[in-house]
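Enquirer:
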């Protein structure tokens, strides 16, 4: 796709703001069709599917935030002049075509497209069948906004494909494809990685851990754990696992206080052999696989570790590499934990729920990347570009 100037891109986004507001009732009505057809047994997926007036306001806010951000395309990353006179400038450049495959959340149809478009990328949207009516209505708004400003609808495409068709498209795309971002569970991510022939940027699962050190402040512990676990169970930044240091002077009391605080909020507690005897729950963790599992539910697993090094080793083995917490009053221990834990975000005495583009100052996000190339953490506007070297010479040749 050709390079568009910032003014034209922002004009499209202003049209999108207006069209989302104008079509608010149609969007909500389309979403109701999806909700009526959905099996509510999966509460987390259902929560992600809902679009009400407040959610439309959030979509509008996301578009406005991106519109107000500086255009990353063409930003100078570095400049240098070599001894031979060559002038080398490294600038941010669009990826080209980005495909995002996602489940349930219709707001991704807005956040993904607005980021990719402002960064001058073409985007292919492959939403889940459970949100089809919602997504189609939202894409209509995009297409109208593009047409309002004299641009082709092909900048933002909605792909309605079943699993076999998607598999074939990933193997043999009918157009140039530069990057795929799968947003969803491990099955989706594994499916994309298995079949894609271009770069895949993984928006990984959560399965986030909290380590309660021997000197942790219990007031902070309870506040942080309750927020991280219960604020939004469908979020990939929600807490799943809690490890209490066996050297805590009030070890049993701490375990019980955490269990009670979470149980009072409706959280189901499952526990390891090491701690179940000190807790009210009788639900024992009967498989190692539980430690790898992302719950996306009002459920938390509890166990104990013997010191900081044991906690670091345990978390690095089982965590999804998304967000992990240490609760301690010892700065040196916090720094060691944060340096050695291998995840996109590490926290000291704060909730994992802040791993979010808006909360971290990035603005609207395409995903939370748990990959190490080319970016880790919230994928915002500045992260949806690659780079290009401009080399200006005057007849130089290499000798």
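In my numbering, the protein residues as written are 186 to 584.
Where is the CB? At the ideal position from N, CA and C, for every residue including glycine.
Keep in mind it's a predicted model, so treat the numbers as computed, not measured.
Can you find at least 3 beta carbon pairs, one from the segment 203-217 and one from the segment 313-330, that sit closer than 8 Å?
Expert: Yes, the segment 203-217 touches the segment 313-330.
Enquirer: Classify residue 533 as helix, strand or coil using the three-state DSSP reduction.
Expert: Sequence index remark: in the chain shown, residue 533 carries index 348 (1-based). If DSSP states are grouped into helix, strand and coil, residue 533 belongs with the strands.
Enquirer: With H, G and I counted as helix, E and B as strand and the rest as coil, what does DSSP make of residue 214?
Expert: The count along the chain shown starts at 1 and reaches residue 214 at position 29. It is helical.
Enquirer: I think residue 392 touches residue 425, with their Cβ atoms under 8 Å apart; what is that distance to the nearest whole Å?
Expert: Along the chain shown, one-based indexing puts residue 392 at 207. Along the chain shown, one-based indexing puts residue 425 at 240. Confirmed, about 5 Å.
Enquirer: Using three-state DSSP, classify residue 284 as helix, strand or coil.
Expert: Translated into the one-based positions of the chain shown, residue 284 becomes position 99. Looking at residue 284 - three-state DSSP - the assignment turns out to be strand.
Enquirer: Quick check for students: name the residue ranges of the beta strand (DSSP E) that lie wholly in the segment 314-375, counting only runs of 3 or more.
Expert: The qualifying runs are 341-343, 364-368.
Enquirer: Considering just the uninterrupted stretch of the beta strand (DSSP E) at residue 265, what are its terminal residues?
Expert: As a position in the chain shown, residue 265 is number 80, starting the count at 1. From DSSP, the beta strand (DSSP E) with residue 265 extends over 261-266.
Enquirer: Could you pull the DSSP bridge partners for residue 575 from this structure?
Expert: Walking along the chain shown from the start, residue 575 turns up at place 390. Partner(s): 274.
Enquirer: From what residue to what residue does the alpha helix (DSSP H) around residue 447 run?
Expert: Taking the chain shown and counting its residues from 1, the one referred to as residue 447 is at position 262. Residues 436-448.
Enquirer: Ends of the beta strand (DSSP E) at residue 395?
Expert: Locating residue 395 in the chain shown gives position 210, where the first residue counts as 1. Taken as a continuous stretch (DSSP letters only), the beta strand (DSSP E) holding residue 395 covers 393-397.
Enquirer: Tell me where the alpha helix (DSSP H) around residue 410 begins and ends.
Expert: Translated into the one-based positions of the chain shown, residue 410 becomes position 225. 403-415 is the span of the alpha helix (DSSP H), which, as asked, contains residue 410.
Enquirer: Would you check whether the ligand HEM has a heavy atom nearer than 7 Å to the C-beta of residue 323?
Expert: You won't find the ligand HEM in this model; it holds no ligand whatsoever.
Enquirer: Mapping the DSSP letters down to three states, classify residue 488 as helix, strand or coil.
Expert: One-based indexing of the chain shown puts residue 488 at position 303. Residue state, collapsed to three classes: strand.
Enquirer: In the DSSP output, what is residue 453 paired with across the bridge?
Expert: Position 268 of the chain shown, counting from 1, holds the residue named residue 453. Its beta-bridge partners are 484.
Enquirer: What span of residues does the alpha helix (DSSP H) with residue 198 cover, start to end?
Expert: By 1-based counting over the chain shown, the position of residue 198 is 13. Segment 191-207, the alpha helix (DSSP H) holding residue 198.
Enquirer: With burial defined as no fewer than 16 other Cβ atoms inside 10 Å of the residue's Cβ, what is the status of residue 296: buried or exposed?
Expert: To locate residue 296, count along the chain shown from 1; it is residue 111. Per the 10 Å Cβ criterion, buried.
Enquirer: Tell me the residue span of the alpha helix (DSSP H) that contains residue 501.
Expert: What you label residue 501 is simply residue 316 of the chain shown in a count that begins at 1. Segment 493-503, the alpha helix (DSSP H) holding residue 501.
Enquirer: Exposed or buried, what is residue 309 when buried is set at 16 or more other beta-carbons lying within 10 Å of its beta-carbon?
Expert: Position 124 of the chain shown, counted from the first residue, corresponds to residue 309. By the 10 Å Cβ count, residue 309 comes out buried.
Enquirer: Just reading off the alpha helix (DSSP H) that residue 300 is part of, what are its end residues?
Expert: If you number the chain shown from 1, residue 300 lands on position 115. Here the alpha helix (DSSP H) through residue 300 covers 292-303.
Enquirer: Which of the three DSSP states is assigned to residue 521 in this structure?
Expert: Mapped onto the chain shown, residue 521 falls at position 336. If DSSP states are grouped into helix, strand and coil, residue 521 belongs with the helices.
Enquirer: How should residue 239 be labelled, buried or exposed, when 16 other C-beta atoms within 10 angstroms of its C-beta is the threshold for buried?
Expert: Taking the first residue of the chain shown as position 1, residue 239 is located at position 54. Exposed, because fewer than 16 other Cβ atoms sit within 10 Å of the Cβ of residue 239.
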